[in-house]
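Sequential numbering from 1 applies to the sequence shown in UniProt numbering.
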Amino acid sequence: MGSGNAEVDRHGWIHDSAVRDAACLTLVRGTDVLRVARAFGADPVRGRPWNFEEFCEESFACADKQSLIGLRRVGGWTLVAEESRFEGLRHDVLAEASSGSELVSVYWDVGDTGGFAHAVDGEVRTCFEPVLPECRSGTRPDDLESLRAGLPWHEAARVPLMLALSARVTGCVPDPEWFAGQFLTCPVVGTGGEVVPGPSPHEIGSLFHGSAGWRV
1 MGSGNAEVDR
11 HGWIHDSAVR
21 DAACLTLVRG
31 TDVLRVARAF
41 GADPVRGRPW
51 NFEEFCEESF
61 ACADKQSLIG
71 LRRVGGWTLV
81 AEESRFEGLR
91 HDVLAEASSG
101 SELVSVYWDV
111 GDTGGFAHAV
121 DGEVRTCFEP
131 VLPECRSGTR
141 PDDLESLRAG
151 LPWHEAARVP
161 LMLALSARVT
171 GCVPDPEWFA
181 GQFLTCPVVG
191 TGGEVVPGPS
201 PHEIGSLFHG
211 SAGWRV
């Protein structure tokens with residue numbers, strides 16, 4: 001695996017990003033963005049393509065009344081970004097979004113709050129907090145121990161640590177460029193794991209065009 005400290009250090013950029021204080025980043029294997037949005041209880045028909053700054057601004061503006069998720073393709077995976085929101089923590093969401101697939105979810109909030117989750121084919125296998133990785137839950141809590149080994153869990157900053165583990169699990173290395181493109185920004189209208197009906201065929205093409213907000 002090489003130097004664990006070097007792996008962690010390469011993710012220090014997150015501390016200068018728009019989501020440095022609180023966020024949830026979920027990577028779902030596969031590029032069906034609409035399926036993933038619906039698995040999160042979001043409505044892709046009401047989605048709009050915004051850059052990450054616009055997404056964060058809208059998330060802040062709606063913070064008291066509406067959860068938003070931003071989705072984009074990253075290699076062979078779908079990235080789901082949340083700014084100060086944590087739909088990707090919900091057990092039902094993890095199960096639904098990983099159905100027939102695999103996902104890794106990383107979240108952090110102010111203070112020392114944070115967590116890592118790994119789910120495969122609807123089964124939440126491993127969950128733990130970075131400050132106490134020895135205490136794990138899930139159906140297979142030790143599944144990632146060989147990958148977790150060698151990272152400086154009791155020495156390094158928690159968010160870069162979790163991003164380093166995410167890279168080991170997925171082979172998809174977090175990068176500032178992840179936040180440079182457009183995100184399909186969707187409102188969450190269902191509860192965790194409640195799948196929203198899909199758009200009709202004539203609506204799909206319109207989801208990635210236009211820039212008007214969906215709020216009234």
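Ideal placement from N, C-alpha and C gives every residue a C-beta, glycine not left out.
Owing to the predicted nature of the structure, the values given are computational and were not obtained by experimental measurement.
If you drop the 5 nearest sequence neighbours on each side, which residues of the same chain put their C-beta closer than 7 Å to that of residue i?
{"i": "residue 178", "result": "74 and 79"}
{"i": "residue 22", "result": "84, 108, 109 and 110"}
{"i": "residue 181", "result": "72"}
{"i": "residue 6", "result": "none"}
Am I right that residue i and residue j are in contact with their C-beta atoms under 8 Å? What's the rounded C-beta distance?
{"i": "residue 11", "j": "residue 117", "result": "The Cβ separation is near 18 Å, so there is no contact."}
{"i": "residue 119", "j": "residue 94", "result": "4 Å"}
{"i": "residue 121", "j": "residue 99", "result": "7 Å"}
{"i": "residue 4", "j": "residue 133", "result": "With 8 Å as the limit, residue 4 and residue 133 do not qualify as a contact, their Cβ atoms being about 13 Å apart."}
Identify, in the order they occur along the chain, each residue of the same chain with its Cβ nearer than 8 Å to the Cβ of residue i, setting aside the five sequence neighbours on each side.
{"i": "residue 18", "result": "52, 53, 56, 83 and 179"}
{"i": "residue 77", "result": "27, 28, 29, 30, 31, 170 and 172"}
{"i": "residue 131", "result": "112, 114 and 158"}
Could you check whether residue j and residue i sit closer than 9 Å to each other, using their CB atoms as the reference points?
{"i": "residue 81", "j": "residue 28", "result": "no"}
{"i": "residue 48", "j": "residue 189", "result": "no"}
{"i": "residue 129", "j": "residue 139", "result": "no"}
{"i": "residue 157", "j": "residue 8", "result": "yes"}
Between residue i and the rest of its own chain, which residues show a CB-CB distance below 6 Å, the 5 nearest in sequence each way excluded?
{"i": "residue 141", "result": "126"}
{"i": "residue 159", "result": "14 and 108"}
{"i": "residue 167", "result": "173"}
{"i": "residue 106", "result": "25, 116, 162 and 166"}
{"i": "residue 233", "result": "Since the displayed the chain opens at 1 and closes at 216, residue 233 lies outside it and no answer follows."}
{"i": "residue 104", "result": "27, 118, 166, 169 and 170"}
{"i": "residue 194", "result": "Reliability of the predicted coordinates at residue 194 is poor, the pLDDT of 48 falling under 50, and the value obtained from them is presented with this limitation in mind. Excluding positions up to five away in sequence, the list reads 41."}
{"i": "residue 66", "result": "187"}
Three or more beta-carbon pairs under 8 Å between the region 23-31 and the region 85-93, yes or no?
-> Touching, yes.
At which residue ranges does the region 14-54 contain complete alpha helix (DSSP H) runs of 4 or more residues, listed in the order of the chain?
-> Correct list: 33-39.
Whole alpha helix (DSSP H) runs in the region 49-128 with 4 or more residues, listed along the chain?
-> As far as the region 49-128 is concerned, its whole alpha helix (DSSP H) runs of at least 4 residues are 52-61 and 91-97.
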